[in-house]
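**Q** Mind looking over this structure? Questions follow.
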Amino acid sequence: MCEPNLFPVRVFTSHQDLRFPRIAFFSTRDISAGDELGFDYGDRFWEVKSKYFSCQCSSPKCKHSAAAIAQRQADSTPDEAPHSALPDTSSAAAAAPSSPS
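If you count the sequence shown from 1, position 58 lands on 58 in full-length UniProt numbering, and the numbers rise without skipping.
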């Protein structure tokens, strides 16, 4: 959910073993009857899941819709003309050290 109304918090009630927290959800704003409850799964979730489906939240802030994913892929595409992996040494001869006077 790209505009979540909940956020998860790890809590410990009967023990302090960090391996086994309980998860409590707290609201980020007032929630009316009938509102969908949701929280942000995080970018890591979408890195894996975007290969199979896209977010359908219809939020103007959506970062994981099909259009947003396509735009990110287009932005990360390398330039059309590949740059040489070797350094340009053509000007090295012109920068030869001068002889002492």
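For each residue, glycine too, the CB sits at the ideal point set by N, CA and C.
1) Rounded to whole angstroms, what is the Cα-Cα separation between Ser-32 and Asn-5?
2) Can you tell me where the alpha helix (DSSP H) holding Arg-44 begins and where it ends?
3) Do you know offhand how far Phe-12's Cα is from Leu-37's?
4) May I have the straight-line CA-CA distance separating Ala-81 from Gly-34, to the nearest angstrom?
5) Grouping DSSP H, G and I as helix and E and B as strand, with all else coil, what is Ser-84?
**A** In brief:
1) 11 angstroms
2) 43–49
3) 23 angstroms
4) For Ala-81, the predicted structure reports a pLDDT of 49, less than 50, and the residue's modelled location is therefore unreliable. A value from the coordinates is still provided. For Ala-81 and Gly-34, the distance between alpha carbons rounds to 53 angstroms.
5) Its pLDDT being 49, under 50, Ser-84 is placed unreliably by the model, and nothing is read from it.
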